[in-house]
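Residue numbers (the numbering used here), protein chains in the order written: chain A, 1 to 459; chain B, 1 to 459; chain C, 1 to 459.
See the structure below:
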C-alpha cells in the first residue's frame with residue numbers, strides 16, 4: 001500500500017487555444033483517438049500504478065468547460081476539478097488548484113499541461129525523486145532542446161551548468177535568445193516551497209497575468225535551490241495549432257510503431273499504420289500498408305491484417321485473416337482461423353472459429369457459427385427503420401450469395417440458403433431454403449431491344 | 001479599374017520534355033489534378049486579380065501543341081498563343097511572343113516557364129514592382145539556392161552582393177560552380193530594355209540556340225542595371241522528369257496541408273491527404289488518414305471525412321459524415337447531417353438533410369429526400385446499356401436492403417420498399433412495395449446435399 | 001557458354017534471428033513479397049545471367065530449416081544446401097559449405113548472408129573481378145559507412161588508405177570505435193587462400209565460435225594481400241529486427257519507385273505505392289496514391305490505376321482503367337480499354353477488350369467477352385461450398401445490376417439479364433432473361449407501419 005508522502009499533480013487546461021481555430025476546447029482534440037487531456041491523465045494513472053506514493057490529480061479548467069470535466073471524471077474518476085474563474089496566468093491557475101488543498105510534510109506538487117500530451121510517467125517519477133532526494137531543492141524545471149526554439153522561455157545556466165533562471169523570450173537579450181535549452185513549462189515543487197513563493201508572484205504589468213516561472217527567482221529567498229533537468233523535446237513540446245497537433249500525433253505514432261515492431265509485429269510500411277492509444281498487438285502479427293485502428297482493438301498472434309482496413313472495437317483471435325478493404329466496427333469478435341475479406345463491414349457480431357465472410361457483405365448484430373460461410377453480397381437487414389434486430393447463423397451453415405437475412409431470423413446448423421434468397425423466417429437445421437422467382441426467357445428479345453434502343457439513342 | 005502601365009507575362013512551354021519519357025507534352029502533366037501549365041496560368045490570373053495594372057498573358061507553344069493551346073484558352077480565355085516554329089532557345093521563344101506585341105512607356109515583361117508550376121503571384125508582383133520603382137533597372141533575375149544545384153546557371157555577384165552576371169554551368173570554372181545561388185530562368189524586363197537587347201543576342205555556336213540569359217551582359221551597354229532577387233527554390237525549380245514532378249506535387253501538397261491545418265482543419269496524418277488545386281475546406285473539418293480529393297470539392301464546417309475516401313466534384317454540407325471507404329463522384333451534394341458510409345459510391349446525386357446511405361450501395365443520377373434511408377446493398381440501375389435515367393426518392397422514404405431501383409423510377413414520401421425488391425414502377429407516398437419470391441423449404445435436403453457433394457469431392 | 005573459372009557463392013542463413021521475435025526463420029521474412037533469402041538468390045541468379053563464369057550457389061542452413069531449403073530449391077533449383085549442425089560462427093558455417101566442394105585453379109568464393117537482402121549483383125561482379133585481376137589479393141572485404149555504425153566491426157586502414165584489419169567492436173579502443181568504415185560481413189576469397197586460412201581460425205574463448213573475419217589477419221602469412229571496397233550501406237546493412245526489416249523494405253521500395261518514375265510512370269505520391277519484387281510497369285502508366293502490388297503483376301502502357309487498389313497476380317492490358325478501391329486477385333487479365341471500378345473484386349477471370357465491371361461486384365472464375373457490361377452489385381456464385389465452377393459471359397452481353405450468376409452458367413453473345421435476376425441456367429445468344437418476383441403494393445401500409453413502429457419504439 002502506498003505510504004510515502006503524497007504527490008499532487010496539477011494539470012492546467014483552462015486555456016482557450018484560439019490558435020487551434022476550433023469551437024472545441026484545445027485539450028479535447030485527439031491524438032490516437034484519445035483527447036490530449038486523456039494522455040496526460042493516462043500518464044498520471046501510470047505514475048500512480050508504478051509509484052509507492054499516493055498520487056492525487058487536480059485538473060484546472062475554465063468554468064465553461066463542463067464537457068471537459070465530464071470527460072476527465074469519466075476517464076479518471078479520482079480526478080479533482082478546480083475552476084479558474086479568470087484567465088490570469090499559470091501562477092493564478094495553480095492557486096486555483098491549491099484553494100482546497102492541504103499538504104503534509106515532504107509532499108510534492110507537479111504542474112503539468114493538458115496540451116503537453118506526450119509527457120511520460122518516467123519523467124514525473126524523475127522530478128519527484130529529485131525533490132525527495134535533495135533536501136535543499138525546492139523547484140525542478142523540466143527543460144528541453146527543441147529543433148525550433150521559437151519563443152519559448154530560455155533556461156539560463158552558469159558556466160558550471162547550474163540552472164540560474166528562466167528568461168521569457170520577450171525579455172531576452174540576443175545572447176540569451178541564442179540559448180537552445182528551453183522551458184517546457186512543466187515544473188515540480190516541494191509543497192512548502194510552492195506555498196511560500198506562490199503568493200509573492202507579482203502581476204505582469206503588460207497583461208495583468210501571474211507567471212509560475214517567477215517562482216524560480218523567488219525560491220532562493222526562502223533558501224530553496226532550483227534545478228533543471230532535460231527531457232527529449234518530443235515529449236514536452238506543447239500543442240498550440242493543428243500543425244503541432246499533427247506533429248504530436250506523428251511522434252506518438254512513431255513511438256507506438258517502434259514498440260510494435262520490436263514486440264514481433266511485421267509491418268511492410270509502419271508509417272502507414274495508425275494505432276489508437278489502447279491498441280494491443282500480439283506477436284507474429286502481419287500488417288500490410290494502410291491500416292487504421294480506432295479505439296479498443298486487440299489483435300492476437302498470427303493474425304494477418306491486409307491493406308486498407310479500418311478496425312475499431314474488435315478482437316481478432318489467433319490466425320484470423322482480415323482485409324484487404326475490411327471494416328470492423330465496435331462489438332466485433334473474429335474467431336480463430338476466421339476470415340473477413342474485401343468490402344465487408346462487420347458490426348456487433350461474433351464470428352466463431354473458421355467462419356468466413358469473404359466478399360462484399362454487411363454483417364451486423366449477428367452471431368456466426370463455426371465454419372459457417374457467408375456468401376458474397378450477403379446483407380443482414382438488421383434495421384427496420386426503428387430498431388435493430390439479431391441474426392443467428394449456426395455452425396456449418398451456408399448462406400448463398402446476394403442473400404438478405406431480415407432480422408430477427410436464424411439459420412440452423414448445416415442449413416443451406418440458396419443464392420439470392422430473402423429470408424424472413426427461420427431455417428431449420430439441415431434444411432435447404434430457397435426464395436427465388438421463376439425465370440422467364442424471351443428468345444431474341446435482347447436483339448430487338450438492342451435495335452430499338454440504338455435507334456432511340458441516335459434519335 | 002487597372003490603370004498603371006501593363007505587365008506582359010510570357011509563358012514558355014514549347015519544349016518537348018523528352019526526359020518525362022511520355023507521349024504527352026510536359027506542361028500537361030498534372031500537379032494536384034491540374035496540368036502544370038494551369039498552375040502558371042493561375043498565378044497569372046491571381047496577379048491580375050490583385051494588381052492595379054493590366055496583365056496580359058502570352059503562351060509560347062510548338063506548332064503541334066494544339067491540345068495545350070485548347071487547354072490554356074479554356075482555362076484562361078484571355079490568353080494569347082504564340083507559336084515558336086523552331087526550337088531555337090529561350091531568346092528565340094521570347095521573340096516569337098513579341099512578334100505581334102506593341103508596348104507603351106513603362107511597361108514590363110516577365111518571362112515564366114510552363115514547367116515551373118509552383119511560381120507564386122507574389123513573386124511576380126515583386127519583380128514588376130522592382131522594375132517600376134527603380135528607373136535604372138532594366139532586368140530582374142529570379143534566383144534560388146536549391147539543395148542540389150545540379151547544372152543550373154550560377155548567379156555571380158561582387159563582394160558587395162551586387163549581381164553581375166549569369167554563368168552557364170558548362171562554361172563555369174570550379175570556383176563558379178561552387179556558387180550556390182542559381183538561375184531559376186524566370187526574368188523580368190523593362191519592355192524597352194528587352195526590345196533593345198533581344199535582337200543583339202547571338203546564336204550559340206554549340207547548338208544554334210539563342211539564350212535569354214545573354215540579356216544580362218547586354219543590358220548595361222544600353223545603360224540598364226541588372227538585379228537579382230532570391231525566392232525559395234521550392235517555388236521556382238523546374239520539372240524535367242517524373243521524379244521532379246512527384247517532388248513538385250509533394251511540395252504543393254505540403255503547402256496546401258499547412259494552410260488547411262492553420263485554417264482549422266484537423267488531419268491525423270496530413271501527409272496522407274491529397275488535395276486538388278481547387279479543394280475548399282472550411283473550419284473544424286476532421287479528416288482521417290488517406291483521403292484523396294479530385295477536382296471541384298467543397299467541404300463545409302464540421303464535416304467528418306473518414307479514412308480511405310475518394311472524393312471529386314462534390315459539395316459536403318455542414319456536419320455531413322462521409323466514409324470510410326466512400327467514393328463520391330462529380331455532381332454529388334451531401335446535405336447537412338447526411339451520412340455516406342462504407343463501400344458506397346455516389347454519382348450525380350443530391351442527398352437532402354439527414355439522408356443516409358451507410359453500406360455497400362451505388363447511388364447514381366438520383367435525388368434523395370431529407371431523412372430518407374437507403375438500405376445496405378441498394379443499387380440504382382441508372383443505365384440500361386444505352387442511356388442514363390433518374391431515380392427520385394422522397395423525404396422519409398425507406399429503401400430496404402439489397403433493393404434494385406430500375407430508373408426512371410420514384411419512391412414517394414415516407415414510402416417503404418421491402419428488402420430485396422426490384423422496383424421498376426413508381427411507389428406512391430405512404431405505400432409499402434414488396435417484390436419477393438415465395439420461399440420453398442426442403443427439410444433435411446441440405447444434409448443430403450452435403451453428403452452427396454462431400455462424396456463427389458472425394459471422388 | 002561460361003568458361004572462365006567458377007565463382008562459388010556461399011549464403012549463410014543458419015541463424016535463428018531471435019531478435020525478430022518470430023516463430024519463422026529470419027531469412028523467410030519478406031521484402032516486397034519475397035523472402036529476404038529470395039532476394040539474395042535473385043542476386044546470385046542475376047550474377048549468373050550476366051557473367052561469363054559459371055556460378056554455383058550453396059546455402060548453409062540449420063538442420064531444422066526444411067521449409068527454407070524447400071523455398072530455396074523451388075526458387076533456384078540449382079542451389080546446393082549444406083547443413084551446419086551446430087551454430088559455431090561464420091567460419092564454421094563456411095566450413096560446412098566447403099565439405100563436399102572441390103576447387104579448380106583460380107576459382108573464387110564469395111560469402112553472402114541471407115539477412116542482407118539488398119545486395120546487388122554488380123557488387124558481386126566487382127569483388128570477383130578484383131580477385132581475378134590481382135594475383136596477390138587473397139581476400140576482399142565489402143565495407144560500408146552506415147549512418148549509425150552500431151556495434152559493427154570496424155575496418156582499420158593505414159594512412160595511405162590501405163586496409164589492414166577488421167577489429168571487432170567489443171575489442172575496439174575508443175579511437176577505433178570512432179572509425180566510420182564498417183564491416184558488412186560480405187567477403188570474397190581466392191579459393192586456395194580460403195582453404196589455407198580456414199582451418200587455422202581459432203575458437204573464440206568467449207563463446208566457442210569461429211569467426212570468418214579472422215581470415216584477414218591470417219591471409220598475409222600465406223602471402224595473400226587483403227583489400228576492402230566500399231558500397232553504399234543501404235545495400236549491405238543486415239536485418240536483425242523487424243524495425244530493420246521495415247527499413248530494408250523502405251529502401252527497396254524507394255529504389256523501385258525511382259526506377260519506375262524514370263521509365264515513364266507517373267505517381268502522384270510514389271511513397272504510397274508498394275511494389276512486389278517482380279512487378280512490371282510499362283511506360284505512361286498513371287498511378288494514384290495508395291496502390292499495393294502483390295506478386296506477379298504486369299501493368300502495360302497507358303493504364304490508369306486509381307487510388308486504394310490492391311493488385312496481385314494480374315495482367316493489365318493497354319489503356320485499361322482500374323480502381324479506385326479495386327481488388328484484383330491471381331489469375332486476372334484485364335483487357336485493353338477494359339474498366340474495373342470501385343468495390344469490385346476479380347479473381348481468376350479474363351476481361352476481354354472494352355469489358356466493364358464498374359461497381360460493387362464479385363467476379364470470380366469467369367471469362368467476360370469484349371464490351372460486355374457487368375452491372376453494379378453483380379455476384380458470380382462460383383462456390384457451392386465444395387467446389388468452384390466457371391461462368392462464361394460472351395461478347396456484348398449485358399448483366400443487369402444485382403444479378404447472381406450461379407456457376408456453372410453462361411450468358412450468350414449480346415444477351416441481356418434483367419436486374420436482380422438469379423441465373424442458374426444458361427442464357428442463349430440475343431435472349432432476354434428475367435427472374436423477378438411479382439410486386440405487391442399495399443397503399444398506405446407504410447404509414448400504418450410507421451405509426452405502429454413509432455409507438456412500439458416509445459413503449
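We put the beta carbon where it would ideally sit given N, CA and C, even for glycine.
Predicted model, so just to flag it, every value in this text is computed and none were measured.
Only counting the same chain, and skipping five residues up and downstream in sequence, which positions put a Cβ closer than 6 Å to that of residue i?
i, result
"residue 271 of chain B", "none"
"residue 378 of chain C", "361, 399 and 403"
"residue 366 of chain B", "349, 380 and 391"
"residue 194 of chain A", "109"
Please return the same chain residues whose Cβ sits closer than 7 Å to the Cβ of residue i, not counting the five positions on each side in sequence.
i, result
"residue 231 of chain B", "123, 142 and 144"
"residue 252 of chain B", "31, 32 and 118"
Examine chain B for any beta-carbon lying closer than 7 Å to the beta-carbon of residue i, and answer yes or no.
i, result
"residue 324 of chain C", "yes"
"residue 38 of chain A", "no"
"residue 416 of chain A", "yes"
"residue 274 of chain C", "no"
"residue 445 of chain C", "yes"
Is residue i near residue j, with beta carbons less than 7 Å apart?
i, j, result
"residue 139 of chain B", "residue 219 of chain B", "yes"
"residue 295 of chain B", "residue 276 of chain B", "yes"
"residue 308 of chain B", "residue 308 of chain C", "yes"
"residue 323 of chain A", "residue 347 of chain A", "no"
"residue 406 of chain B", "residue 419 of chain C", "yes"
Who does residue i pair with in a DSSP beta bridge?
i, result
"residue 345 of chain A", "A:327 and A:362"
"residue 433 of chain A", "A:417 and B:441"
"residue 210 of chain B", "B:203"
"residue 56 of chain B", "B:8"
"residue 350 of chain C", "C:333 and C:367"
"residue 310 of chain C", "C:292 and C:327"
"residue 287 of chain C", "C:267 and C:305"
"residue 227 of chain C", "C:140"
Under a CB-based cut-off of 7 Å, is residue i close to chain A?
i, result
"residue 408 of chain B", "no"
"residue 327 of chain C", "yes"
"residue 342 of chain B", "yes"
"residue 354 of chain B", "no"
"residue 25 of chain B", "no"
"residue 379 of chain C", "yes"
Near residue i, what residues of its chain come up, given a Cβ to Cβ distance below 8 Å and the 5 sequence neighbours on each side ignored?
i, result
"residue 370 of chain A", "335, 352, 353, 354, 355, 395 and 396"
"residue 86 of chain B", "92"
"residue 157 of chain A", "163, 164, 181 and 228"
"residue 274 of chain B", "32, 253, 291, 292 and 293"
For residue i and chain C, any beta-carbon pair shorter than 7 Å?
i, result
"residue 403 of chain A", "no"
"residue 458 of chain B", "no"
"residue 333 of chain B", "no"
"residue 209 of chain A", "no"
Is residue i near the ligand SAM, judged by its Cβ being under 6 Å from some heavy atom?
i, result
"residue 305 of chain A", "The ligand SAM is not part of the structure shown, which contains no ligands of any sort."
- Task: Give, in chain order, every residue of the segment 426-439 of chain A whose Cβ lies closer than 9 Å to some Cβ of chain B.
- Result: 427, 428, 429, 430, 431, 432, 433, 434, 435, 436, 437 and 438
- Item | Residues in the segment 360-375 of chain C having any Cβ partner in chain B nearer than 8 Å | 360, 373 and 375
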